[in-house]
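If you're matching positions, the sequence shown starts at 1 in UniProt numbering and goes up one per residue. Idealized CB from N, CA, C, for every residue including glycine. Every value quoted in this text rests on a predicted model; they were computed, and no experiment measured them.
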Amino acid sequence: MLDYPALHAVATVVQTGSFEKAAAALNVTPSAVSQRVKQLEERLGVVLIVRGNPCTATEKGAWLCRHMENVGMLEGELMELLPALADPDKPREQVTLYIATSADSLGTWFLPAISNFSKRSRYLLNVAIDDEEHTAEWLQRGRVLAAVTSVEKPIPGCRRTSLGALRYHATASPEFVAKYFADGVTTEAIGRAPALTFNQKDRLQSRWIRQAFGQDLAYPTHWLPSTQSFLDASLSGMGWCMNPALLAGEHLASGRLVELIPHTPLDVPLFWQISRLAADRLVDLTHEVAATAKARLLG
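Shown next as structure tokens:
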């Protein structure tokens, strides 16, 4: 038999980030939470939680957390069908769903989708951010129930929905272009002009260079881990970068930004992949994601 109090303790520590906060949420002492987690780890012979500030789940711990999310969804359905099962003196717990997406998707189209879902749902959402080429790994490792990803191949145990493409333009301010590309956007000029890069996983600038020039080129770069800072920094003349058309469109139309090479967009196909165990219970979430993507992404 599964020790659900112990599983609940693990999930709550991961969700709150500490044993003390988990104890407050569960209305028990921190030592009781620690004992439950320790006994379960000893029984399974694996570490489930990395102790730190905050505490985080190991890969095995993450799988247990996803199991508890599914259990929470099932219990919620059962309580609606049989409300007499619920303890009237105990507040109903809300299940937190873990989802992964990219910063660019969250900053352009994904937030309205999950906002619409949350208004009609009893669930809370925990959204993790990673590059769209890497969010699929969160699903594969059991860290999330669903993800927006650029990985087209269906992930084992998941259902896939095609969403459309997020279009990017290689953009910079007119002043930046005049300074660094006065003689045209050449391979030599790219090697001197500072770019903007989100983090070490960000390959968009390199993908556009390969698409535009047919080869890989080295280039200097600033590092800015924010979708909005990309736009602001390119407007200020700090560097050139790949900005989503959904954010840069008005600035391109007004002339505050210009394309380095006109009519050379980079389109990134996106997919919604969701665990089959949760898919049927989260049809509304998938519907909102697909509908919002259809309205805002390229078909």
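Taken through DSSP and simplified to helix, strand or coil, D3 comes out as coil. When DSSP assignments are scanned along the stretch 186 to 230, the uninterrupted stretches of alpha helix (DSSP H) that are 4 or more residues long and fall wholly within it turn out to be 187 to 190 and 204 to 213. Y98 is positioned such that its CB atom lies closer than 9 Å to that of R143. Take the alpha-carbon of E20 and the one of V47: they are about 19 Å apart. Around the Cβ of T29, a 10 Å sphere holds fewer than 16 other Cβ atoms; the residue is exposed. Every beta strand (DSSP E) stretch that sits fully inside the stretch 129 to 156 and reaches 3 residues is listed by chain position as 146 to 149. In this structure, the straight-line span from the alpha carbon of W240 to that of V258 is close to 10 Å.
Among the bridge pairs identified by DSSP, Q273 is matched with A147 and R160. Exclusion of the five residues before and after P112 leaves T292 as the residues of its chain whose Cβ lies within less than 6 Å of its Cβ. F176 places its beta carbon less than 9 Å from that of S234. If you compare the alpha carbons of L297, L7, V289 and L282 with that of Y123, the shortest gap goes to L282.
Looking at the DSSP output, R167 sits in a beta bridge with D267.
Taking the Cβ atoms as the reference, L270 lies roughly 7 Å from S105, within the contact range of under 8 Å.
DSSP, read as helix, strand or coil, puts A57 in strand. Within the same chain, P5, A6 and A9 come within 7 Å of R36 by CB-CB distance, once the 5 residues on both sides are set aside. Secondary structure note for I99: its beta strand (DSSP E) is the uninterrupted segment T96 to T101. Contact between R167 and P54 does not hold, since their C-beta atoms are separated by about 36 Å, which reaches or exceeds 8 Å. Around the C-beta of P174, fewer than 16 other C-beta atoms lie within 10 Å, and the residue is accordingly described as exposed.
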